[in-house]
Amino acid sequence: MHPVGAAVGAGEIATRFSFAVVVRYADLVPDVASQPAIDGWYATDDAGLPHLIGAKCPQCGTYVFPPRENNCPSPACDGDVLEPVALSRRGTIWSYTENRYLPPAPYPPSEPFEPFAIAAVELADEGLIVLGKVVEGTLAADLKVGMEMELTTMPLYTDDEGVTRTVYAWKKVGA
Numbered sequence: 001m002h003p004v005g006a007a008v009g010a011g012e013i014a015t016r017f018s019f020a021v022v023v024r025y026a027d028l029v030p031d032v033a034s035q036p037a038i039d040g041w042y043a044t045d046d047a048g049l050p051h052l053i054g055a056k057c058p059q060c061g062t063y064v065f066p067p068r069e070n071n072c073p074s075p076a077c078d079g080d081v082l083e084p085v086a087l088s089r090r091g092t093i094w095s096y097t098e099n100r101y102l103p104p105a106p107y108p109p110s111e112p113f114e115p116f117a118i119a120a121v122e123l124a125d126e127g128l129i130v131l132g133k134v135v136e137g138t139l140a141a142d143l144k145v146g147m148e149m150e151l152t153t154m155p156l157y158t159d160d161e162g163v164t165r166t167v168y169a170w171k172k173v174g175a
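Numbering (full-length UniProt numbering) for the sequence shown: 1 to 175.
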């Protein structure tokens, strides 16, 4: 028996309760099979589509990513409080390159190392430029400035507890 408030996995629930009860309450069991590698940088909507979480200065309307709570990045504004905001999912490539060296944490080293593309994408609605990895299998030769991109997520690594840690990534629209 578990103490009140103790976490119980879906498998244990299934062995202790009828199938009908498990189905009725299945959405209450958190999915710990995958979690963001960095908390608070992106979320998913009800349809399962990811969006970045940024911040916006209420004084001047300047956006920032990654999110933060204070210090407007605009040198022309003295705003000190930023508000969290969901950022648009689409944009166009402003610039791109190919990494041919091991990146820093949270990216784990891979053996053998495989080069990968990163893109600076200008978000369609905000005009904010966000740097991010491009999905696996995409290299610089596959990209061009002005190409339409959309946000997705991809696995980064599996931690010691068996949880797949994910990151946001860019992919070509329609890919």
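Here a beta-carbon is modelled for each residue, glycine too, at the ideal position from N, C-alpha and C.
Item                                                                                                                 : Value
Sequence-distant residues of the same chain with beta carbon closer than 6 angstroms to T138, five excluded per side : A117
Residue closest to S95, alpha-carbon to alpha-carbon, out of D125, A140, V135 and T158                               : A140
At least three beta-carbon pairs within less than 8 angstroms, the region 76–92 to the region 104–111                : no
Pair within 7 angstroms by beta-carbon distance, L52 and Y42                                                         : yes
Same chain only: Cβ atoms within 7 angstroms of S88, ignoring 5 sequence neighbours per side                         : L123, A124, D125 and E126
When D159, C72, K133 and T166 are compared against A59, the one with the closest alpha-carbon                        : The question names Ala, but residue 59 in the sequence shown is Gln. With distances taken between Cα atoms, Q59 lies closest to C72.
Buried or exposed (CB count within 10 angstroms, at least 16 for buried), residue 187                                : Within the shown structure, residues of the chain are numbered from 1 to 175, placing residue 187 beyond reach of any answer.
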